[in-house]
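Enquirer: Got a structure for you, written out below as structure tokens; questions coming shortly.
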């Protein structure tokens with residue numbers, strides 16, 4: 001394998017750290033930003049070349065890269081545990097930043113609002129999770145509550161737990177949200193039956209289920225939009 005050019009021999013404006021100082025962070029490519037995180041490459045590849053290889057393995061998609069585990073990142077020669085943790089930590093900080101951005105929108109007017117509100121929690125998640133958005137009478141968000149964490153193919157949502165939390169929050173309405181890590185937007189028969197069960201329970205308790213969102217990284221399915229609730 002041809003050896004990559006040592007980063008110290010590059011022109012100053014082409015070294016990631018120096019380039020950031022000279023031109024600003026926006027001037028750096030994703031690979032250059034990751035190169036700053038890992039600091040050095042391997043004997044065969046510079047930090048930037050190694051970063052390009054890591055990104056290429058994730059189809060140059062940061063969302064896909066964010067799903068990689070420490071052990072998966074360590075499969076790349078030149079990436080040890082510390083470097084893998086640095087990459088994961090930076091991507092997690094980016095995800096958490098979205099939490100603060102989404103918190104500015106505290107009122108749900110439609111299914112897209114609910115989907116956007118849940119992006120910080122459910123984007124890049126490798127297993128199914130079930131959440132409930134608690135709402136005031138005017139559809140202002142009280143808070144988001146995680147109900148259960150499951151496996152790749154499913155999770156359990158206990159109606160008693162859901163409405164216990166809704167009563168504790170004095171919610172006037174709720175929106176159900178669960179993700180499909182597979183990316184499949186079609187609701188399963190289990191999803192449809194659970195939604196009907198929770199809808200009926202909500203009517204009895206005067207805490208209406210306003211929608212059920214199936215979340216994927218690339219889009220969502222709304223039971224309300226499809227007139228299934």
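In the UniProt record's numbering, the protein residues as written are 1 to 229.
Note that beta-carbon positions come from the ideal geometry of N, C-alpha and C, so glycine has one too.
From a predicted model like this one, the values you see are computed outputs, not experimental measurements.
Comparing C-alpha positions only, which one of 144, 31, 158 and 223 sits nearest to residue 58?
Expert: Nearest of 144, 31, 158 and 223 to residue 58, Cα basis: 31.
Enquirer: Express the C-alpha separation of residue 49 and residue 43 in angstroms, rounding to a whole number.
Expert: Approximately 11 Å between the Cα atoms of the pair.
Enquirer: Once you ignore the five residues that flank residue 218 on each side, which residues in its own chain have a CB closer than 6 Å to its CB?
Expert: Answer for residue 218: no residue qualifies.
Enquirer: Keeping to the same chain, check which residues put their C-beta closer than 6 Å to that of residue 1; ignore five residues upstream and five downstream.
Expert: For residue 1, the predicted structure reports a pLDDT of 41, less than 50, and the residue's modelled location is therefore unreliable. A value from the coordinates is still provided. Contacts found: 44.
Enquirer: Count the other C-beta atoms from every protein chain shown that fall within 10 angstroms of the C-beta of residue 11, then say buried if there are 16 or more, exposed otherwise.
Expert: At residue 11, the pLDDT of 47 sits below 50, so the modelled position is not reliable; the number obtained from the coordinates is stated separately. Residue 11 should be labelled exposed.
Enquirer: Please classify residue 74: does DSSP put it in a helix, a strand, or coil?
Expert: If DSSP states are grouped into helix, strand and coil, residue 74 belongs with coil.
Enquirer: Whose CA, out of 139, 129, 156 and 214, lies closest to the CA of residue 146?
Expert: Ranking the options by Cα distance to residue 146, first place goes to 129.
Enquirer: Quick one: using the 10 Å Cβ neighbour count with 16 as the cut-off for buried, is residue 137 buried or exposed?
Expert: Result: exposed.
Enquirer: Pull up the distance between the alpha-carbon of residue 182 and that of residue 22, whole angstroms please.
Expert: So the two alpha carbons sit approximately 42 Å from each other.
Enquirer: Consider the Cβ of residue 194: report whether some Cβ of chain D lies at a distance smaller than 7 Å.
Expert: You won't find chain D in this structure, because it holds only one protein chain.
Enquirer: Compute the beta-carbon to beta-carbon distance between residue 210 and residue 162, rounded to the nearest angstrom, for a pair I have assumed lies under 8 Å.
Expert: Residue 210 to residue 162, Cβ: 13 Å. No contact.
Enquirer: Tell whether a beta-carbon distance below 7 Å holds between residue 141 and residue 148.
Expert: It is not a contact, given that the beta carbons lie outside the stated cut-off.
Enquirer: Please name the residue in 180, 206 and 117 whose C-alpha comes closest to that of residue 96.
Expert: It is 117 whose Cα lies nearest to the Cα of residue 96.
Enquirer: What's the gap between the Cα of residue 169 and the Cα of residue 205?
Expert: Taking the straight line from one Cα to the other gives about 14 Å.
Enquirer: Whole angstroms are fine: how far does the CA of residue 120 sit from the CA of residue 314?
Expert: Residue coverage of the chain in this structure runs from 1 to 229, which leaves residue 314 outside it and unanswerable.
Enquirer: Could you name the residues of the same chain whose beta carbon sits closer than 8 Å to that of residue 109, not counting the 5 residues immediately before and after it, in chain order?
Expert: Only 139 meet the Cβ criterion.
Enquirer: Rounded to whole angstroms, what's the CA-CA distance from residue 159 to residue 184? Just pull it up for me.
Expert: Rounded to whole angstroms, residue 159 to residue 184 spans 24 Å at the Cα level.
Enquirer: On the DSSP bridge assignment, give the partners of residue 221 in chain order.
Expert: Paired residue(s): 214.
Enquirer: Since residue 63 and residue 123 should fall inside the 8 Å C-beta cutoff, what is the C-beta to C-beta distance between them, to a whole number of angstroms?
Expert: Right, the Cβ-Cβ distance comes to about 7 Å (below 8 Å), so this counts as a contact.
Enquirer: What is the rounded straight-line gap between the Cα of residue 179 and the Cα of residue 144?
Expert: Spanning the two alpha carbons is a distance of roughly 14 Å.
Enquirer: Which partner residues does residue 178 have in the DSSP bridge list?
Expert: According to DSSP, residue 178 bridges with 130 and 214.
Enquirer: Please list the terminal residues of the continuous alpha helix (DSSP H) segment that includes residue 17.
Expert: Start and end: 16–23.
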